[in-house]
Amino acid sequence: MSSSTHSKRHRVGYALPPKKIQAFIKPSLIHHADQHNIDLIPIDPSKPLIEQGPLDCVIHKLYGLDWKSQLRHFSSLNPDALIIDPLDSIQRIHDRISMLQVVSNLKVSERKQVLDVPRQLVFSDSETMVKNSDDLIQKLGFPLIAKPLMADGSETSHKMYLVFDKGRNRQRKSLPDIKEDKLVSLKGLMPFSQISNLEEKSDCGGGEFDRVEMPPVDFVEEVAMAMKEETGIRLLNFDLIRDARDANRYLIIDINYFPGYEKLPNYESVLTDFLLNAMEKNKSRDVSMVRERDDD
Numbered sequence: 001m002s003s004s005t006h007s008k009r010h011r012v013g014y015a016l017p018p019k020k021i022q023a024f025i026k027p028s029l030i031h032h033a034d035q036h037n038i039d040l041i042p043i044d045p046s047k048p049l050i051e052q053g054p055l056d057c058v059i060h061k062l063y064g065l066d067w068k069s070q071l072r073h074f075s076s077l078n079p080d081a082l083i084i085d086p087l088d089s090i091q092r093i094h095d096r097i098s099m100l101q102v103v104s105n106l107k108v109s110e111r112k113q114v115l116d117v118p119r120q121l122v123f124s125d126s127e128t129m130v131k132n133s134d135d136l137i138q139k140l141g142f143p144l145i146a147k148p149l150m151a152d153g154s155e156t157s158h159k160m161y162l163v164f165d166k167g168r169n170r171q172r173k174s175l176p177d178i179k180e181d182k183l184v185s186l187k188g189l190m191p192f193s194q195i196s197n198l199e200e201k202s203d204c205g206g207g208e209f210d211r212v213e214m215p216p217v218d219f220v221e222e223v224a225m226a227m228k229e230e231t232g233i234r235l236l237n238f239d240l241i242r243d244a245r246d247a248n249r250y251l252i253i254d255i256n257y258f259p260g261y262e263k264l265p266n267y268e269s270v271l272t273d274f275l276l277n278a279m280e281k282n283k284s285r286d287v288s289m290v291r292e293r294d295d296d
């Protein structure tokens, strides 16, 4: 017998791009959530959100002006509904300039591991970047990573990985080494695409993938919690790399909203537990606010 007969059921609406729905909202997730009193409700962004309730919680990854207006209107009329995550907080990590400023504000305890961000230059277009490549190399040095200014989750921006209430660490491949004799014959830029999606059996990263030393777990967890506190975002991940010249210096090169949790083992349990805990905390907060009003 399902536990839904004994407990209140929660209606969680999801507003996601079609590809995200296909990858993330799998039958296994729907079934597991159902067994834990959660009904996952698809939201049609072409229709008024206010007419698609009632909803206890909304998870979303849409960015159009109409959607933002709808979500704000829904939230104003349903203040007790949990929105994961706040629009203003998400916007902060979409701009790569303000994104890396987030890292500078993180409160991490003093330890031998040092957290930093890479030096960066902003160009208005790729042609300008190529024309100024000599100056770029002189100021920044190698390796260089070129990314779009707005990390909006579109097809021009890559997808990465993870943090819920608890930090989780996942090893990912790096860029392959380029031999010096090949460098001589290269002209201009050499693109690398979707490194994170390469199979582990490939020789990406010089064949040393299995021998790479992971950063200390407690360090990663502390950074993850500090990131959550600073951004106010629950569905979050960041890309952490280590400086080859200083084994204790780590750099955050990317922060991503609502990454591919479906790639995690047992993601159904992780997401369901997260939603239940988030809604319980939201309910406790609402009760506390009511008590404060009564005391006044």
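In the UniProt record's numbering, the protein residues as written are 1 to 296.
Even glycine gets a Cβ: it sits at the ideal position worked out from N, Cα and C.
Could you tell me which of the options sits nearest to residue i, measuring between CA atoms?
| i | options | result |
| --- | --- | --- |
| Val-117 | Asn-105, Glu-110, Arg-111 | Asn-105 |
| Glu-51 | Met-227, Lys-19, Leu-71, Ile-59 | Leu-71 |
| Leu-235 | Pro-18, Ser-75, Ile-93, Leu-49 | Ile-93 |
| Asp-39 | Val-58, Ser-46, Gln-138 | Val-58 |
| Gly-141 | Leu-121, Leu-29, Lys-283 | Leu-121 |
| Glu-213 | Glu-221, Asn-266, Ile-241 | Ile-241 |
| Ser-284 | Asp-243, Asp-80, Leu-115 | Asp-80 |
| Asn-266 | Met-129, Leu-29, His-73 | Leu-29 |
| Tyr-14 | Lys-8, Ser-7, Ile-25 | Ile-25 |
What is the C-beta distance between residue i and residue j, in whole angstroms, given that I count them as a contact (C-beta under 8 Å)?
| i | j | result |
| --- | --- | --- |
| Thr-231 | Val-102 | 6 Å |
| Arg-96 | Leu-55 | The Cβ separation is near 32 Å, so there is no contact. |
| Glu-262 | Ala-23 | 5 Å |
| Lys-61 | Phe-274 | In fact, because the Cβ distance is near 15 Å, the residues do not count as touching under 8 Å. |
| Leu-77 | Asn-282 | About 16 Å separates the two Cβ atoms, so there is no contact after all. |
| Val-217 | Leu-115 | Not quite, the Cβ-Cβ distance comes to about 15 Å (not below 8 Å), so this is no contact. |
Are the Cβ atoms of residue i and residue j separated by less than 8 Å?
| i | j | result |
| --- | --- | --- |
| His-32 | Thr-272 | yes |
| Ala-278 | Ile-84 | yes |
| Gln-113 | Phe-219 | yes |
| Pro-45 | Trp-67 | yes |
| His-36 | Leu-264 | no |
In the DSSP output, what is residue i paired with across the bridge?
| i | result |
| --- | --- |
| Pro-42 | Tyr-14 |
| Ile-252 | Leu-240 |
| Ile-59 | Tyr-14, Ile-84 |
| Val-114 | Arg-249 |
| Tyr-257 | Leu-236 |
To the nearest angstrom, how far is it from the Cα of residue i to the Cα of residue j?
| i | j | result |
| --- | --- | --- |
| Gly-64 | Ile-233 | 19 Å |
| Gly-206 | Pro-48 | For Gly-206, the predicted model reports a pLDDT of 48, less than 50, meaning its position is unreliable; a value from the coordinates is still stated below. One C-alpha to the other measures close to 51 Å. |
| Lys-131 | Leu-16 | 39 Å |
| Ser-269 | Arg-111 | 33 Å |
| Leu-251 | Lys-139 | 18 Å |
| Phe-123 | Asp-134 | 14 Å |
| Ile-255 | Met-99 | 7 Å |
| Ile-137 | Ile-253 | 18 Å |
| Asp-34 | Ala-226 | 32 Å |
| residue 297 | Pro-42 | Nothing can be reported for residue 297, as the shown portion of the chain is limited to 1 through 296. |
| Arg-119 | Lys-20 | 32 Å |
| Asp-243 | Glu-221 | 19 Å |
| Glu-280 | Ser-7 | 13 Å |
| residue 344 | Phe-74 | Since the first residue shown for the chain is 1 and the last is 296, residue 344 is missing from the structure and cannot be characterised. |
| Thr-128 | Arg-245 | 30 Å |
| Pro-215 | Gly-260 | 21 Å |
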